[in-house]
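Peer 1: Per this note's numbering: the sequence shown = residues -14 to 239.
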Amino acid sequence: MFDRKRILKIFLGSLFILFLCIKSLSQFNTKSFEAFLIYTYGYLNINIGLDNINDILFYILPQFFIMFILFNLIEQSINKQAVYIFSRTDNRVKWFLKKIFIIIFYTGIFCLFLILIELLFGHLLNLPILDNNNLLLLIVGQEGLLFFHCLFLVIWVNVLSLSFNSIYSLAFVFSSNIFSYLITSISRSKLLFILPSIHSLLYLHDLGYIPRQNELLKIYIPGFKLWWSLIYYLVIITILIVLGSNWIKKKDII
């Protein structure tokens, strides 16, 4: 069910987080372990805007990597197994849901590697911990948002690949993700809550365990709770899975 080579690629690719760690240290005045965690993969400078798209591209590099590793998982499986698994409509949906489970597993492994490397890097730098309980909450919060955002992107690409070429689907989702972060970086309209990017940024949430002493972390959206974002991701991921289940029933298999 699981490809060891793909898992190895995911592990090696997760080392991209080291570049984010180095960048977060050089770009921000990181004085605590908590701030380091947020800057590495839960923060996007609101002043980036259209003039500094390179920072956004760098920020979403790990997201693109996991999309690239898994973007054609369903398409490849259809090409190899169509004759055996698509003889009955019911089998199609069961097969599709199994593939979703595999995507969840791979994405979870990738995000776990990212957070472990991030923690190891911060430990080696001997960054001071302000509060152990807050640090744990930050780890859980960041890991949750990171996992659900990456999972949303990968499932979106694979669902689109049921109707379109997987390369085109990858390009569309990647471009949409960039656009979403660009809009988030230059606007604070309430309409932004429909965009997935704003839900992936931990520091924008109204959370008491985020160290707001740092100037860059003082900006947040009052009342914006973590559970809002988790519900948002669960809803849009469920919608994608339902759409994919319906599309796979109607797909013509050659």
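Backbone N, C-alpha and C define an ideal beta-carbon position, used for all residues, glycine too.
Are the CB atoms of residue 88 and residue 58 nearer to each other than 8 Å?
Peer 2: yes
Peer 1: Our contact map puts residue 233 next to residue 78 with C-beta atoms below 8 Å; I'd like the distance itself, whole angstroms only.
Peer 2: 6 Å
Peer 1: If you run the structure through DSSP and keep just helix, strand and coil, what is residue 278?
Peer 2: An answer regarding residue 278 cannot be provided, because it is not within the stretch -14 to 239 covered by the chain.
Peer 1: Using C-beta distances below 8 Å, list every residue in its chain close to residue 41, excluding the 5 sequence neighbours before and after it, in chain order.
Peer 2: The residues are 29, 33, 163, 166, 167, 170.
Peer 1: Return helix, strand or coil for residue 65, following the three-state DSSP convention.
Peer 2: helix
Peer 1: Under DSSP, the alpha helix (DSSP H) around residue 117 begins and ends at which residues?
Peer 2: 117 to 145
Peer 1: Relative to the alpha-carbon of residue 47, which residue among -5, 86, 21, 20 has its alpha-carbon at the smallest distance?
Peer 2: -5
Peer 1: Output the boundary residues of the alpha helix (DSSP H) element that contains residue 23.
Peer 2: 18 to 26
Peer 1: In three-state DSSP terms, what is residue 149?
Peer 2: coil
Peer 1: Would you mind working out which of 94, 43, 178 sits nearest residue 55, comparing C-alpha positions?
Peer 2: 94
Peer 1: According to DSSP, is residue 225 part of a helix, a strand, or is it coil?
Peer 2: helix
Peer 1: Roughly how many whole angstroms lie between the Cα atoms of residue 190 and residue 84?
Peer 2: Separation of residue 190 and residue 84 (C-alpha to C-alpha, rounded to the nearest whole angstrom) is 32 Å.
Peer 1: On a CA-only basis, which of 137, 195, 143, 201 is nearest residue 180? Give me that one, please.
Peer 2: 137
Peer 1: Tell me which same chain residues have a C-beta within less than 8 Å of the C-beta of residue -8, skipping the five on either side of it?
Peer 2: 91, 94
Peer 1: Residue 52 and residue 144: beta carbons closer than 8 Å?
Peer 2: no
Peer 1: In the structure shown, what three-state DSSP assignment does residue -12 receive?
Peer 2: coil
Peer 1: With burial defined as no fewer than 16 other Cβ atoms inside 10 Å of the residue's Cβ, what is the status of residue 20: buried or exposed?
Peer 2: buried
Peer 1: In its own chain, which residues sit with a C-beta less than 8 Å from the C-beta of residue 113, not counting the 5 before and 5 after it?
Peer 2: 16, 17, 18
Peer 1: At what residues does the alpha helix (DSSP H) containing residue 185 begin and finish?
Peer 2: 181 to 185
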